[in-house]
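Student:
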Amino acid sequence: MAAPKKFAVIGAGVAGLLAAQQLKHEGFDVTIYEKTDNVGGVWQSNYAGYALQVRKWHFVIPGYPWPNDESHPQYPTGQECQRYIERYAADTGLLPLITFNATVVSVSPKLTNGHTLESATGSDGWEVKWSDEKGKERTESYDFVVIATGLFSIPSRPEWAQGLVSATPPASGPWVVDVKDFTDAQLPLAKGKRVVIIGAGKSAHDVGLVTSKVAASTTLVARRGHWMAPQKVLGFLPLEFATYTRWSWALQPAFYNAGAVKRAAHTLFRPVKAAAWALFGAIFKLQTSVPSEISPKHGLLTGIYDTIGMVNSTELSRAFTSGQLAARKARVEKVDGKTLTLSDGSTIEADIVVLATGYQPLAKTLLPTDNLRARAGFVDNRGRGGDNYDLQWLYRNVLPPRLSNIAFIGQHATFAHVLTASLESRWLAGVLSGQVKLPSQEAQLEDIARQQAWWERIYFPRSNNYVWALHGKFHDQLVRDLKGNARAYSALNPVGEWFGYIKNELYSDLFPAHVGIKDRALSGKSTPEAAPAAASKAPNGKAATVAVPPAQVQAAAA
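Positions in the sequence shown are counted from 1; adding 761 to them yields this note's numbering.
What follows is the structure, given as structure tokens:
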């Protein structure tokens, strides 16, 4: 197969838009499929009080700054983030490329030369089956497919909640609702009610905080606790200084690809690092006042690879210490009317039950066979000691070595999701243009195996789907592949490199696709109307001639 020209991008959230823009800039013919009637993904609408948990420079697309007219100087609301994404889609000319209200049913390799789904690799392209808002199905063929459906697509629900969940209150019994559907519009329904929130992660604490201000009672019920981090350590030091700087990354274990000297240095300073994590952990618990019932039993270093959320520690501490927000360590065994029976034998009454129990990614479900999913890097982690989720192992978290002409963007969580998806998209464009040289299939699989072994050693069976605080070390890999070194600052500024914030904007020079739209971004004058429902995609015109990419993106790797 010749160099791919016709691309499908699944998803018009942040990751999908970023991938599509990089591909468009390379001259490819791009079609974007989006199941809703607007861009933005999870930012279109979410749970009550949802907002950016970090300062807005973390949510900057490199080369596309926030407009000067946004009201919140530090922590934008979810609606402000959504408007920023809509502006980006309009300013980059992506809206005409999107087929809205298009639900992708499956993504399958073309079956040529006698291949079956069990043997086809995608070397001859892929077929995307999708249905429109009327349920009419159709299939389109593409040279290359990018799956950018995110990690937070399908709510994970406990067994007892199956069949009880609804987006609106029922006529009788408690209202059991997924956290994403309990929005600001529904918050008044909690006034004077008994609210129980299942879970103890970031969204559970956020919803618990806002409902505790209006509800008769609000209680978090969880099997185990997760770490919550204050936005400012000790009330004055931004948490970013301990998470978005190279000196703070040095407190983590040596990465899987570290050389002998780095590994030796990490071993030598292990007692110092352990003391630092213990100190930070004690401060975090003191500031957030999370009750002992759901206080995490694992250390903070483990927590940053597990689940950790940034919160307004002042308000959260006040809610817990005043009794407005309570917590129970247990799991729900059954529901009888408005009575929840817990695993410790106690009961709790609830008018509203909010499920903040995590998500399953959609990407795996798009591949129609177990064999194809396995070759795409998916591994079932259920019952292995971790949470109830699927893992996916990819080279540079983007490419599955055993398949061709398919990539995954934004399919893992980090502390810097926008920068992660930006760099992944730019890296993929570099691979397709020949700027980035891929190693052999064998070398890619060996690299993945080293990562797996490293994760098993420092934690429990986990995946690079959840990079979290390791974002910096992963970003360095992508940047080094693109330009030969991983520096964010000038080579003449080693102090800034080690102690300065590693901000998204420092990588703007890697994104020529954003040249010319910066002034429009700053002015905010390009603010678009919300994308119209059932909007259709306009033709993208002829694809430009591009460099022949490596074998993995035109034929099966040898």
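Just so you know, even glycine gets a beta-carbon here, dropped at the ideal spot from N, CA and C.
Between the region 956-967 and the region 1053-1073, do at least 3 Cβ pairs fall closer than 8 Å?
Tutor: Touching, yes, given that three or more Cβ pairs across the two stretches are closer than 8 Å.
Student: If distances are taken between C-alpha atoms only, which option among 952, 1228 and 937 comes closest to residue 1100?
Tutor: In the sequence shown, residue 1100 corresponds to position 339, counting from 1. Comparing Cα-Cα distances from residue 1100 to each of 952, 1228 and 937, the minimum goes to 937.
Student: In the DSSP assignment, the beta strand (DSSP E) including residue 1089 goes from what residue to what residue?
Tutor: Counting from one through the sequence shown, the residue named residue 1089 turns up at place 328. Its beta strand (DSSP E) spans residues 1086-1090.
Student: Using C-beta distances below 7 Å, list every residue in its chain close to residue 1156, excluding the 5 sequence neighbours before and after it, in chain order.
Tutor: As a working mapping, residue 1156 is identified with position 395 in the sequence shown. Contacts found: 1162, 1205, 1208 and 1209.
Student: Among residues of its own chain, excluding the 5 on either side of residue 1291, which ones have a beta-carbon nearer than 6 Å to its beta-carbon?
Tutor: Counted from its first residue, the sequence shown places residue 1291 at position 530. With a pLDDT of only 43 at residue 1291, under 50, the local geometry of the prediction cannot be trusted, and no value is derived from it.
Student: List in chain order: all unbroken beta strand (DSSP E) runs of 3+ residues lying wholly within the region 836-879.
Tutor: 864-870, all fully within the region 836-879.
Student: DSSP puts residue 999 in a beta bridge; with which residues?
Tutor: Residue mapping note: residue 999 aligns to position 238 of the sequence shown, counting from 1. Bridge partners of residue 999: 993.
Student: With a threshold of 16 other CB atoms inside 10 Å of the CB of residue 1280, please say whether the residue is buried or exposed.
Tutor: Position 519 of the sequence shown, counted from the first residue, corresponds to residue 1280. Looking at its Cβ environment, which holds fewer than 16 other Cβ atoms inside 10 Å, residue 1280 is exposed.
Student: State the start and end residues of the unbroken alpha helix (DSSP H) segment that holds residue 1181.
Tutor: For the purposes of this step, residue 1181 is taken as the residue at position 420 of the sequence shown. Segment 1178-1194, the alpha helix (DSSP H) holding residue 1181.
Student: Between 1243, 1121 and 1241, which lies nearest to residue 913 when the distance is taken from Cα to Cα?
Tutor: The sequence position of residue 913 within the sequence shown is 152, counting from 1. Closest by alpha carbon: 1121.
Student: Let me know the alpha helix (DSSP H) ranges lying completely inside the region 1093-1171, each 4 residues or longer, listed in chain order.
Tutor: The qualifying runs are 1124-1127 and 1131-1136.
Student: Looking at the unbroken beta strand (DSSP E) that takes in residue 1034, where does it start and where does it end?
Tutor: Residue 1034 sits at position 273 when you count from the first residue of the sequence shown. Element bounds for residue 1034: not the beta strand (DSSP E) but the alpha helix (DSSP H), 1031-1049.
Student: Consult DSSP for residue 773 and reduce its assignment to one of helix, strand or coil.
Tutor: As a working note, residue 773 is residue 12 in the sequence shown. Note: residue 773 maps to coil in three-state DSSP.
Student: Helix, strand or coil: which one does DSSP assign to residue 958?
Tutor: As a position in the sequence shown, residue 958 is number 197, starting the count at 1. Strand, per DSSP.
Student: Where does residue 825 sit, in a helix, a strand or coil, going by DSSP?
Tutor: Mapped onto the sequence shown, residue 825 falls at position 64. Looking at residue 825 - three-state DSSP - the assignment turns out to be strand.
Student: Suppose the cutoff is 7 Å on Cβ atoms and the five residues either side in sequence are ignored; what does the same chain contact list for residue 1081 look like?
Tutor: Position 320 of the sequence shown holds residue 1081. So the list reads 1050, 1051 and 1052, once near-sequence residues are dropped.
Student: Can you say whether residue 1305 is buried or exposed, counting buried as having 16 or more other CB atoms within 10 angstroms of its CB?
Tutor: Locating residue 1305 in the sequence shown gives position 544, where the first residue counts as 1. Because the pLDDT of residue 1305 is 33, which lies under 50, any placement of that residue in the model is unreliable, and the number read from its coordinates should be weighed accordingly. The residue is exposed, with fewer than 16 neighbouring Cβ atoms inside 10 Å.
Student: Taking only three categories from DSSP, how would you classify residue 916?
Tutor: Counted from its first residue, the sequence shown places residue 916 at position 155. Correct three-state label for residue 916: strand.
Student: What residues in its chain sit with their C-beta under 6 Å from that of residue 779, if we drop five residues either side in the sequence?
Tutor: Position 18 of the sequence shown, counted from the start, is the residue given in the question as residue 779. 1182, 1183 and 1186.
Student: Whole angstroms are fine: how far does the CA of residue 1234 sit from the CA of residue 873?
Tutor: Locating residue 873 in the sequence shown gives position 112, counting from the first residue. Locating residue 1234 in the sequence shown gives position 473, counting from the first residue. Using only the alpha carbons, I get a separation of about 40 Å.
Student: Excluding the 5 residues flanking residue 1065 on each side, which residues of the same chain have their C-beta closer than 7 Å to its C-beta?
Tutor: Residue mapping note: residue 1065 aligns to position 304 of the sequence shown, counting from 1. Correct list, in chain order: 1229 and 1230.
Student: Is the Cβ of residue 1135 closer than 9 Å to any Cβ of chain B?
Tutor: The structure shown contains no chain B; it is built from a single protein chain.
Student: Residue 906: which of 927, 981 and 784 sits nearest, CA to CA?
Tutor: By one-based count along the sequence shown, residue 906 stands at place 145. When each option's Cα is compared against that of residue 906, the closest is 784.
Student: Please list the terminal residues of the continuous alpha helix (DSSP H) segment that includes residue 1234.
Tutor: In the sequence shown, the residue the question calls residue 1234 occupies position 473. Looking at the DSSP string, the run of the alpha helix (DSSP H) that includes residue 1234 is 1232-1244.
Student: Just curious, the alpha helix (DSSP H) that residue 1279 is in, first and last residue?
Tutor: Along the sequence shown, read from residue 1 onward, the residue named residue 1279 stands at position 518. Here the alpha helix (DSSP H) through residue 1279 covers 1279-1284.
Student: Let me know if residue 1088 comes out buried or exposed under the rule of 16 or more other beta-carbons within 10 Å of its beta-carbon.
Tutor: Along the sequence shown, one-based indexing puts residue 1088 at 327. Burial call: buried.
Student: What does DSSP give as the partner residues of residue 794 in its beta bridges?
Tutor: Residue mapping note: residue 794 aligns to position 33 of the sequence shown, counting from 1. 771 and 860.
Student: Quick one, which of 1036, 1106 and 1086 has its alpha-carbon nearest residue 973's?
Tutor: On the sequence shown, residue 973 is found 212 positions in, with the first residue counted as 1. With distances taken between Cα atoms, residue 973 lies closest to 1086.
Student: Rounded to a whole number of angstroms, what is the C-alpha to C-alpha distance between residue 1061 and residue 809?
Tutor: Your numbering for residue 1061 matches position 300 in the sequence shown. Your numbering for residue 809 matches position 48 in the sequence shown. If you take the alpha carbons of residue 1061 and residue 809, they lie about 27 Å apart.
Student: When we look at the beta-carbon of residue 1237 and count the other beta-carbons within 10 Å, is it buried (16 or more) or exposed?
Tutor: Here residue 1237 is taken as the residue at index 476 of the sequence shown, counted from 1. Residue 1237 comes out buried.
Student: Along the chain, where does the beta strand (DSSP E) that runs through residue 939 open and close?
Tutor: The residue labelled residue 939 in the question sits at position 178 within the sequence shown. Start and end: 936-939.
Student: Provide the residue span of the beta strand (DSSP E) that contains residue 905, from first to last.
Tutor: Within the sequence shown, numbered from 1, the residue matching residue 905 stands at position 144. Unbroken beta strand (DSSP E) run through residue 905: 905-908.
Student: For residue 863, count neighbouring Cβ atoms within 10 angstroms of its own Cβ and tell me buried if that reaches 16, exposed if not.
Tutor: Locating residue 863 in the sequence shown gives position 102, counting from the first residue. Its Cβ being crowded by 16 or more others within 10 Å, residue 863 is buried.
Student: What first and last residue would you give for the beta strand (DSSP E) that runs through residue 892?
Tutor: Taking the sequence shown and counting its residues from 1, the one referred to as residue 892 is at position 131. Taken as a continuous stretch (DSSP letters only), the beta strand (DSSP E) holding residue 892 covers 887-892.
Student: Looking at the unbroken beta strand (DSSP E) that takes in residue 980, where does it start and where does it end?
Tutor: By 1-based counting over the sequence shown, the position of residue 980 is 219. Unbroken beta strand (DSSP E) run through residue 980: 978-983.
Student: Buried or exposed for residue 807, going by 16 or more other Cβ atoms inside 10 Å?
Tutor: On the sequence shown, position 46 is the one that residue 807 refers to. Residue 807 is buried by the Cβ-count criterion.
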